[in-house]
Every structure is written in structure tokens, then in C-alpha cells.
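Protein chains in written order, with this note's numbering: chain D, 3 to 324; chain X, 162 to 448.
Glycine included, every Cβ here is placed at the ideal spot set by N, Cα and C.
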Amino acid sequence: MSALTDDTLPMTPRAMRDEMIVFAVMAALLAVVPFTGIYPFFVMQALCFALLACAFNLLIGYGGLLSFGHAMFLGTAGYVSAHALKVWGLPPELGIVVGTAAAALLGLATGYISIKRQGIYFSMITLALSQLLYFLYLQAPFTHGEDGIQGIPQGHLFGIFDLSKPLVLYYVVLAGFLAGFLLIYRTINSPFGEVLKSIRENEPRAISLGYKTDQYKLLAFILSGTLAGFAGSLKVFVAQNASLTDVHWSMSGEIVLMTLVGGLGTIFGPVVGAFVIIAMQQYLAGFGQWVTVIQGVIFVSCVLLFRRGLVGELAHLLRRSL
Amino acid sequence: MQALYAQLLVGLINGSFYALLSLGLAVIFGMLNIINFAHGALYMMGAFVAYFLLNLGGINYWWALLIAPVIVGIFGMILERTMLQWLAGLDHLYGLLLTFGIALIVQGVFQNYFGSSGLPYSIPDQLKGGVNLGFMFLPIYRGWVVIFSLVVCLATWFLIEKTQLGAYLRAATENPTLVRAFGINVPRMITLTYGLGVGLAALAGVLSAPINQVRPLMGADLIIVVFAVVVIGGMGSIMGSIITGFALGVIEGLTKYFYPEASNTVVFVLMVVVLLVKPTGLTGRAA
């Protein structure tokens, strides 16, 4: 099996410094967005998807596990958070915790099932499990079927920050994104992350070295699902609804597409990919189903021509890891 | 009891489609090491080609049964020559991503021109009506679909397991380099195999056109169920794919009768149970 990326060398201090610089630039750029006149709703949405794609990338880029069902975490956390906020009347912070915890539990259950098989079967199992959840949510009364949960109150985070103000909401979402991003970055560069990469490169060898690879894969899956769920909970405050679209297989496909466009196994790739795809959907919204066709064309051309993705190609050009 | 038998028949018909599609997936996976995500889209194309043949060319169902799989098969072979062949030696997941992209393109194009509603395709005159079997009323067309699918499945099994060509195919699956050294054109065999697998999907599409109507997204949800079928049955054995396909269709039909709420999730639930009890799948070798 061929390697996805060429980051098998240990992390050098220079690479670490480069990445921290890029991270600082990214954080600074995102922090000034509200003062540039860019529509903040668009950026908030893109940030939620960027975190989602980063969480997905943790599995595929570093663990070699292609999950084709990550929409289930987005949707589950979204539904649970939305229900907790609207029906139980929980404050925002608890709403996020409850939604994220639901995604973590789902990650434990679905991860336990799907890591029983490797490679392509893993992808098919995750896809089938997310379809199972889709049908459950379609029939469950609390999701309100085709209508979804609408008109979710945003409330005051920690009783202080009024999330109905776009500017406050923007910085809360940004803080959530950056925290999630750093957690993933830390994970990738931890001993745990190194073992994960070794599993991606050669699982039998990792087993022979004494690693219980199933436990590592399960933990990575739960972590990825939890962070994807966190993104889903944040998204509830931005979109103020939770609907079936978020659990549908086409959403899982979009998550894969974002990561592929940005670069599988790159640190910043999923963020770039998420912004590119969300921007594309905004600008091409008038073209109806042609958006699907264009997404398909991007999939095909990425796989055939730019397997490294935007950031991956750039990193290759600069001979840096990004 | 009438309702039970009717649901069993529906189950057998769905089982026919599962069998034809998972069979094609297994054959393609064996040769190309690719899970063909475009399978559902190509199944849909088969139905649309039949629709075009009838409405634009006046060509009837019987010819469509032959021509549509050939046309879609050729389309598949073009896909294989122009795109899929470049993935040889790469990680499996790229094949899945590429064919997912192809599925989006094909389904998107058809959705643009035909929306999401269904187009009618009428049952051929010779297969209209039904017979009373005493315990149930059997619409002839539905019986025909089950029997014809079974025959096609068994013929494919025979082709692969019992003929010279099938022997080459199985050998090339195991060790393409060695088979090439014997002077057999393996790349051409790969192309033909993809064409065959895709042709089976298109055939299923033609068969389903009079039953399920012709819709751009008719294959999109179906392919996910077929993936679950493949996970349950494993792709190691041709006969395993056929039996699992039919069996799951029947189980789904029974669920529709006894507990309709679970009818669209039962296959996925079974997949979970199988993974928990026997992770390698019912017939599969460890993969």
C-alpha cells in the first residue's frame, strides 16, 4: 500500500516553527475578518466545516482510515445540541457539551464496529452506519423529520456572551475552531500520533512491535468523531437549525471533498479545502444541480491530477510540511 | 397471508438487484482492486438507456435488455481506460474517491435534465398481467425479474468459475504479473471485467425500470445498501455474493411485513450484527 503523504520523517524544530508561523498568520487573518466586510455568516459556516474536515483528516491523513460517514457526527451532535437548547432549555455551553458527548458516544459505538475490518471495508461500513442513522433520524420524532429542528435559541454563553450578536458569535466560533485545531495538531505530533502514522504505513509491523493497533484506531476514531461533533454543535448556533441534510451521505462526501481538495494528511489543507468548497457553493448556488457535477469533476481531477491537494502541492513546492 | 407473500416477492426482487449489483462489485474488486462507487449511477444509466431506446428509438424492452448493458458497459470501459487504469498501484481509497466523483457527475447531469421525479416505463406486453398461484396472485413481470436475475447470476458464476476465460480471470486476480508472462493481455482483461461488472449493473437497471420508475437518484441510496450487503457477504466468493444478495432481499421483505418501521434499516442492522459476531463476513476471507 502506497503512502498517502510524505511526512514519515520525525518533526524537525524548523518544521514546527514554520507551522506555528502559518498558524499565527491564519489565526490573525481570521481574527480581523469581521472588520473586512466579508460576510461573517459565511466565514463562521466555513470555520465549522474546517474543523469538521480537520477532524476527518486526523483519521484519513494520519491513521489511513477513510471514513465515509462523518456526517453522522455532525448531524448527531447538531440534533442533540439543538434539542437540548430548544426543548430542555439548557444554556449554550451545556448544549455544546451534551452534543459533543453524544458524538463521542456514537464514535465509541461506530468505531468499535467499523475498525473490525480494514481498508475499503472500513469505508463501506462507516457509510452504511451513517445511512442507518439517517433513517433513524428520519423516523425519530424529536428530529421533526424533513422539517428539522428550527428556530434554536442562541442564548448567552457562560451567562455573559450574547450569541445572538453576530460579532460575539463569530469570536466564539473562531475560538472553538482554533482550540479544536490545536488539539488535533497536538495529537498528530504526540507519541500517539506517531503510532497512528505507523499503523497507516504498515499495520502488521505496528502489531509485531507490540502496539495494540485496534485500541489506537478506536481512540483516533472517537477523538475524530468527538471533534466532528463539536463542530456540529457549534454549527447549530450559526445556522440555528439542525436538519437531515447534515446526516446525509452527500454531506459525508463533501467532508471528504474538502479534505481532498486541501490535501489529505496536511495540517492546514482541510481548512483551505473547507473555505474553497463553501465559497464555491455560495457563488454557484444559482446553478442548481450543476454544483453536484462540479463537485464530481473536482473529485475526479483531484484524484487523477492533484492527489496532494492545494496545500500538499504548495508544501511539496516549498519542500516544507504544512 | 396474501400480504406476506407479496412482501416476500418484493424482497426477492430487491434481492435480485442486490445480487446483480454486489456480484458486479465483487468481480470488479477482484480484478481492479477498486470499490466501484459509480455502480449505483451506472445502474441508473441502464434504466435511462432503456427509457431512451423506447421513447426515442422505438426499441422495445427485449432489445433494451441486451443493448442497454452493452452501451453502459462500453461507457464503463471508456471510464476504465481513461481514468481508473491510472490508479493501479495506489491506495484502494483513491479508487473509491474517483468513482464517487464519477457517480456525482453522472447523477448530477441526469438530475439537471430530468429533475428528481420518476419517468414511467411500461411493462412489455408479453409480461403483463398475472397468474393466480392459489395462495397468492403473482404479477408475471415480477416473477420474470426474479427468475431472469437468478439465471444471469448463475451464468456469471459459471463464466467465472467453470470456463477457460474465467480461469484466466481468476489467475489474473491472484497474480497479474505471472499471467501476463504467459502471454495473456491482462490490461484488456481488466477493461473487459469492468465492462462486465458495469453491464450487470445496467441490466439490473433495465429490469427495475418498469417496477421502480426511472429516476436520476434511483441508484444513489441503493448502492449504500449494496455496500452493506457486500460487507455482510464478503467479496471473496461469487456464489457468496449471489446467495447473500437474495437472502438479504428476502429478510428485508419479511421485515416489511412484520415490522415495517425497520424495513429500510434492517440490512444495516444485520451488517452490524455480522460484524460483531463474525468480523470477516459470512463467506469472506479476512480482508
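Cβ shell of residue i (< 6 Å), same chain only, five flanking positions each side left out
{"i": "D:Ser235", "result": "Ala79, Ser83, Ile98, Gly101 and Thr102"}
{"i": "X:Ile345", "result": "Tyr329"}
{"i": "D:Val170", "result": "Phe163 and Asp164"}
{"i": "X:Gly201", "result": "Gly380, Ala381, Leu383 and Ile384"}
{"i": "D:Glu205", "result": "Thr215"}
{"i": "X:Leu248", "result": "Tyr255 and Gly256"}
{"i": "X:Leu364", "result": "Pro230"}
{"i": "D:Thr2", "result": "Coverage of chain D is limited to positions 3 through 324, which leaves residue 2 of chain D absent and any answer about it impossible."}
Residue i: first and last residue of the uninterrupted beta strand (DSSP E) it sits in
{"i": "X:Pro300", "result": "Phe298 to Pro300"}
{"i": "X:Asn293", "result": "Gly291 to Asn293"}
Close-in-space but distant-in-sequence residues of the same chain around residue i (CB under 8 Å, 5 per side omitted)
{"i": "D:Val305", "result": "Leu262"}
{"i": "D:Val273", "result": "Met28, Ala52, Ala55, Cys56, Phe183 and Gly264"}
{"i": "D:Ala17", "result": "Arg322 and Ser323"}
{"i": "D:Tyr213", "result": "Val197, Ser200 and Ile201"}
{"i": "X:Pro348", "result": "Gln246"}
{"i": "X:Trp305", "result": "Leu288"}
Same chain, Cβ closer than 7 Å to residue i, neighbours up to 5 away in sequence not counted
{"i": "X:Ser424", "result": "Glu413, Thr416 and Lys417"}
{"i": "X:Thr352", "result": "Met238, Glu241 and Arg242"}
{"i": "D:Pro168", "result": "Pro42"}
{"i": "X:Leu280", "result": "Tyr212, Gln374 and Val375"}
{"i": "X:Val435", "result": "Ile393, Gly442 and Leu443"}
{"i": "D:Ala5", "result": "Any reading at D:Ala5 is ruled out, since the residue's pLDDT is 44, under 50, leaving its predicted position unreliable."}
{"i": "D:Phe308", "result": "Glu315"}
{"i": "D:Glu148", "result": "Leu246"}
Distance between beta carbons of residue j and residue i, contact taken as under 8 Å
{"i": "D:Trp251", "j": "X:Gly269", "result": "Actually they do not touch by this definition, with Cβ atoms about 15 Å apart."}
{"i": "X:Met205", "j": "X:Phe309", "result": "About 19 Å separates the two Cβ atoms, so there is no contact after all."}
{"i": "D:Gln242", "j": "D:Gly153", "result": "7 Å"}
{"i": "X:Pro440", "j": "D:Lys118", "result": "4 Å"}
{"i": "D:Leu108", "j": "D:Gly264", "result": "Not really, about 25 Å apart at Cβ, beyond 8 Å."}
{"i": "X:Val428", "j": "X:Ala229", "result": "With 8 Å as the limit, X:Val428 and X:Ala229 do not qualify as a contact, their Cβ atoms being about 27 Å apart."}
{"i": "D:Phe270", "j": "D:Val24", "result": "6 Å"}
{"i": "X:Ala199", "j": "X:Val267", "result": "7 Å"}
{"i": "X:Ser183", "j": "X:Val359", "result": "No, X:Ser183 and X:Val359 are not in contact; Cβ-Cβ is about 14 Å, not under 8 Å."}
{"i": "X:Arg341", "j": "X:Ile174", "result": "With a Cβ gap of about 41 Å, X:Arg341 and X:Ile174 do not count as contacting."}
{"i": "D:Leu159", "j": "D:Pro94", "result": "5 Å"}
{"i": "D:Phe277", "j": "D:Ala48", "result": "5 Å"}
{"i": "X:Val125", "j": "X:Gly218", "result": "A query on residue 125 of chain X cannot be resolved here, the shown segment of chain X reaching from 162 to 448 and no further."}
Start and end residues, alpha helix (DSSP H) containing residue i
{"i": "D:Ile122", "result": "Gly121 to Gln141"}
{"i": "X:Asn216", "result": "His200 to Leu217"}
{"i": "D:Tyr114", "result": "Pro94 to Ser116"}
{"i": "D:Gly80", "result": "Ala73 to Lys88"}
{"i": "D:Arg207", "result": "Glu205 to Ser210"}
{"i": "X:Tyr166", "result": "Gln163 to Leu193"}
{"i": "X:Arg341", "result": "Pro337 to Ala342"}
{"i": "D:Gly255", "result": "Trp251 to Gly264"}
{"i": "D:Gly182", "result": "Pro168 to Ile190"}
{"i": "X:Leu226", "result": "Tyr222 to Thr243"}
{"i": "X:Gln287", "result": "Neither: X:Gln287 is in no alpha helix (DSSP H) and is coded neither H nor E."}
{"i": "D:Glu315", "result": "Gly311 to Leu320"}
{"i": "X:Met144", "result": "No answer is possible for residue 144 of chain X: the residues shown for chain X start at 162 and end at 448."}
{"i": "D:Gly271", "result": "Gly271 to Tyr285"}
Where residue i sits in the DSSP three-state scheme
{"i": "X:Asp252", "result": "coil"}
{"i": "D:Phe37", "result": "helix"}
{"i": "D:Ala244", "result": "strand"}
{"i": "D:Leu67", "result": "coil"}
{"i": "D:Leu159", "result": "strand"}
{"i": "X:Ile412", "result": "helix"}
{"i": "X:Gln374", "result": "coil"}
{"i": "X:Gln325", "result": "helix"}
{"i": "D:Asp164", "result": "strand"}
{"i": "X:Leu368", "result": "helix"}
Heavy atom of the ligand NAP within 7 Å of residue i beta-carbon
{"i": "X:Leu257", "result": "What this structure holds is no ligand at all, so the ligand NAP is not there to describe."}
Interface residues of the segment 117-133 of chain D facing chain X [CB-CB below 8 Å] = Residues Lys118, Arg119, Gln120, Gly121, Ile122, Tyr123, Ser125, Met126, Ile127, Leu129, Ala130, Leu131 and Gln133.
ask   = What residues from the segment 370-391 of chain X come within 7 Å of chain D, judged by C-beta to C-beta, listed N to C?
value = For the segment 370-391 of chain X, which is checked against every Cβ of chain D, the residues closer than 7 Å are Ile385, Phe388, Ala389 and Val391.
Chain D contacts from the segment 195-211 of chain X (Cβ-Cβ distance under 7 Å) = If the cut-off is 7 Å between Cβ atoms, the segment 195-211 of chain X has Ile196 near chain D.
key: chain D contacts made by the segment 310-343 of chain X, where a contact means CB separation under 8 Å   = Against chain D - using a Cβ distance shorter than 8 Å - the segment 310-343 of chain X contributes no residues.
request  = May I ask you to list, following chain order, the residues of the segment 218-246 of chain X that have a beta carbon less than 9 Å from some beta carbon of chain D?
outcome  = Listed by position along the chain: Met244.
message = By the 9 Å beta-carbon criterion, what residues does the segment 424-438 of chain X contribute toward chain D?
response = Under the 9 Å Cβ criterion, the segment 424-438 of chain X contributes Asn425, Thr426, Val428, Phe429, Val430, Met432, Val433, Leu436 and Leu437.
request  = With 8 Å as the limit, tell me which residues of the segment 135-148 of chain D have their beta carbon closer than that to any beta carbon of chain X; keep them in chain order.
outcome  = Taking 8 Å as the cut-off between beta carbons, the residues of the segment 135-148 of chain D near chain X are Phe137, Leu138 and Gln141, in sequence order.
ask   = Got a sec: which bits of the segment 292-319 of chain D sit with their beta carbon under 9 Å from any beta carbon on chain X, in order along the chain?
value = Taking 9 Å as the Cβ-Cβ cut-off against chain X, the residues of the segment 292-319 of chain D that qualify are Trp292, Val293, Thr294, Val295, Ile296, Gln297, Gly298, Val299, Ile300, Phe301, Val302, Ser303, Cys304, Val305, Leu306 and Arg309.
query = When Cβ atoms are compared, which residues of the segment 89-108 of chain D fall closer than 9 Å to chain X?
reply = Against chain X - using a Cβ distance shorter than 9 Å - the segment 89-108 of chain D contributes no residues.
message = Under 8 Å, CB to CB, which of the residues in the segment 253-282 of chain D have a partner in chain X?
response = Here the close residues are Gly255, Val258 and Leu262.
key: Residues within the segment 282-310 of chain X neighbouring chain D, beta-carbon criterion of under 9 Å   = Flagged: no residues at all.
request  = Output, in sequence order along the chain, the residues in the segment 66-87 of chain D whose CB is closer than 7 Å to any CB in chain X.
outcome  = The segment 66-87 of chain D vs chain X, Cβ under 7 Å: Leu68.
query = Taking a cut of 9 Å between CB atoms, which residues from the segment 345-366 of chain X lie near chain D?
reply = The segment 345-366 of chain X vs chain D, Cβ under 9 Å: nothing.
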